[in-house]
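Per the numbering used here, the sequence shown starts with residue 12, numbered consecutively. Ideal placement from N, C-alpha and C gives every residue a C-beta, glycine not left out. In this text the structure is predicted, and so the values were computed from the model without any measurement.
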Amino acid sequence: MPQPHFESENYRIPLAYLITFRGYGTWLHGDPGGSVDRFHNVYGKPRLPPSRQRMQYEQTLLEMRPVKLNSRQRTAVEKGIRDTCKIRKWQLWAFNIRTITFIAWSQRIVERCRS
(Lines of atoms letter the chains of each structure in order from A and count residues from 1; the text may use other names and numbers.)
(Lines give C-alpha, C1' and ligand atoms only; values in the text may rest on other atoms or scores of the structure.)
Protein backbone atom coordinates (compact mmCIF):
# COMPACT_ATOMS: atom_id res chain seq x y z
CA MET A 1 0.00 0.00 0.00
CA PRO A 2 1.53 3.38 -0.95
CA GLN A 3 2.39 5.80 1.83
CA PRO A 4 0.63 9.17 1.88
CA HIS A 5 2.67 12.16 0.74
CA PHE A 6 3.91 14.48 3.48
CA GLU A 7 6.01 17.61 3.14
CA SER A 8 8.05 16.68 6.19
CA GLU A 9 9.48 13.50 7.59
CA ASN A 10 8.20 14.62 11.00
CA TYR A 11 4.59 13.78 10.14
CA ARG A 12 4.45 11.37 13.07
CA ILE A 13 5.14 14.16 15.56
CA PRO A 14 1.87 15.63 16.82
CA LEU A 15 1.24 19.28 16.06
CA ALA A 16 -0.57 19.80 19.36
CA TYR A 17 -1.63 18.04 22.53
CA LEU A 18 -4.87 18.12 24.43
CA ILE A 19 -4.15 17.35 28.08
CA THR A 20 -6.89 16.72 30.61
CA PHE A 21 -6.65 15.95 34.31
CA ARG A 22 -9.24 15.23 36.95
CA GLY A 23 -8.81 16.02 40.61
CA TYR A 24 -7.97 13.05 42.85
CA GLY A 25 -11.08 11.09 43.74
CA THR A 26 -13.47 13.13 41.57
CA TRP A 27 -14.12 10.47 38.93
CA LEU A 28 -14.18 6.90 40.16
CA HIS A 29 -14.76 3.59 38.42
CA GLY A 30 -18.49 2.97 38.17
CA ASP A 31 -19.25 6.67 37.59
CA PRO A 32 -22.42 7.22 35.50
CA GLY A 33 -20.30 9.24 33.03
CA GLY A 34 -18.30 6.11 32.24
CA SER A 35 -14.77 5.13 33.17
CA VAL A 36 -12.00 2.75 32.19
CA ASP A 37 -9.74 0.54 34.26
CA ARG A 38 -6.63 -1.40 33.28
CA PHE A 39 -8.79 -4.21 31.88
CA HIS A 40 -11.10 -1.93 29.86
CA ASN A 41 -8.64 0.57 28.41
CA VAL A 42 -8.60 -0.11 24.68
CA TYR A 43 -9.48 2.60 22.18
CA GLY A 44 -12.87 2.00 20.62
CA LYS A 45 -13.92 -0.60 23.19
CA PRO A 46 -16.80 -0.05 25.63
CA ARG A 47 -16.19 1.72 28.91
CA LEU A 48 -17.11 0.25 32.26
CA PRO A 49 -20.85 0.32 32.89
CA PRO A 50 -22.17 2.60 35.65
CA SER A 51 -22.18 0.83 39.01
CA ARG A 52 -23.18 2.40 42.32
CA GLN A 53 -21.63 -0.56 44.16
CA ARG A 54 -18.29 -0.13 42.35
CA MET A 55 -18.28 3.62 43.07
CA GLN A 56 -18.95 3.03 46.76
CA TYR A 57 -16.12 0.50 46.89
CA GLU A 58 -13.74 2.90 45.12
CA GLN A 59 -14.64 5.61 47.67
CA THR A 60 -13.53 3.32 50.50
CA LEU A 61 -10.10 3.06 48.83
CA LEU A 62 -9.47 6.82 48.79
CA GLU A 63 -6.63 7.84 51.08
CA MET A 64 -7.88 11.42 51.38
CA ARG A 65 -10.85 13.54 50.43
CA PRO A 66 -11.42 14.22 46.72
CA VAL A 67 -9.40 17.20 45.48
CA LYS A 68 -11.36 20.22 44.29
CA LEU A 69 -9.43 23.37 43.41
CA ASN A 70 -10.44 26.67 44.97
CA SER A 71 -10.00 30.02 43.23
CA ARG A 72 -6.44 30.55 44.51
CA GLN A 73 -5.38 27.06 43.43
CA ARG A 74 -6.91 27.51 39.96
CA THR A 75 -5.01 30.79 39.60
CA ALA A 76 -1.76 29.05 40.62
CA VAL A 77 -2.32 26.29 38.05
CA GLU A 78 -2.98 28.90 35.35
CA LYS A 79 0.22 30.77 36.25
CA GLY A 80 2.21 27.53 36.17
CA ILE A 81 0.89 26.66 32.73
CA ARG A 82 1.57 30.13 31.33
CA ASP A 83 5.07 30.32 32.87
CA THR A 84 6.05 26.87 31.60
CA CYS A 85 4.86 27.64 28.07
CA LYS A 86 6.64 31.02 28.07
CA ILE A 87 9.95 29.59 29.33
CA ARG A 88 9.88 26.70 26.87
CA LYS A 89 8.60 28.87 24.01
CA TRP A 90 5.49 26.74 23.53
CA GLN A 91 2.39 28.28 22.08
CA LEU A 92 -0.53 27.90 24.49
CA TRP A 93 -3.69 27.78 22.43
CA ALA A 94 -6.31 27.34 25.13
CA PHE A 95 -6.90 26.11 28.65
CA ASN A 96 -9.75 25.78 31.09
CA ILE A 97 -9.22 25.18 34.79
CA ARG A 98 -12.24 24.27 36.87
CA THR A 99 -12.69 22.94 40.38
CA ILE A 100 -12.22 19.28 39.38
CA THR A 101 -10.97 19.40 35.77
CA PHE A 102 -7.88 20.86 34.11
CA ILE A 103 -7.66 21.07 30.32
CA ALA A 104 -4.76 22.51 28.30
CA TRP A 105 -4.18 22.58 24.58
CA SER A 106 -0.64 23.43 23.62
CA GLN A 107 1.92 22.83 20.98
CA ARG A 108 4.38 20.99 23.22
CA ILE A 109 3.03 21.02 26.76
CA VAL A 110 3.08 17.22 26.98
CA GLU A 111 6.89 17.18 26.70
CA ARG A 112 7.09 18.85 30.11
CA CYS A 113 4.63 16.38 31.59
CA ARG A 114 6.81 13.49 30.44
CA SER A 115 10.05 14.86 31.89
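Under 8 angstroms, do residue i and residue j count as touching if we go by C-beta distance?
i, j, result
"VAL78", "GLY41", "no"
"LEU6", "VAL47", "Limits of the chain in this structure are 12 at one end and 126 at the other, which puts residue 6 out of reach."
"ARG133", "LEU80", "With the chain represented from 12 up to 126, any question about residue 133 goes unanswered, as that position is not in the structure."
"PHE106", "PHE32", "no"
Starting from residue i, follow its DSSP beta bridges and name the residues at the other end.
i, result
"PHE32", "PHE113"
Hey, out of the options, whose CA is closest to residue i's CA?
i, options, result
"TYR68", "ARG85, PHE50, ARG58, TRP38", "TRP38"
"PRO61", "PRO43, ARG83, GLU89", "PRO43"
Might you give, ordered along the chain, the residues of its own chain that have their beta carbon closer than 8 angstroms to the beta carbon of residue i, omitting 5 neighbours on each side?
i, result
"THR110", "GLY34, LYS79, LEU80, ASN81, ARG85"
**Prompt:** Curious, which full-length beta strand (DSSP E) runs of at least 3 residues does the region 27-98 contain?
**Reply:** Runs found: 28-33.
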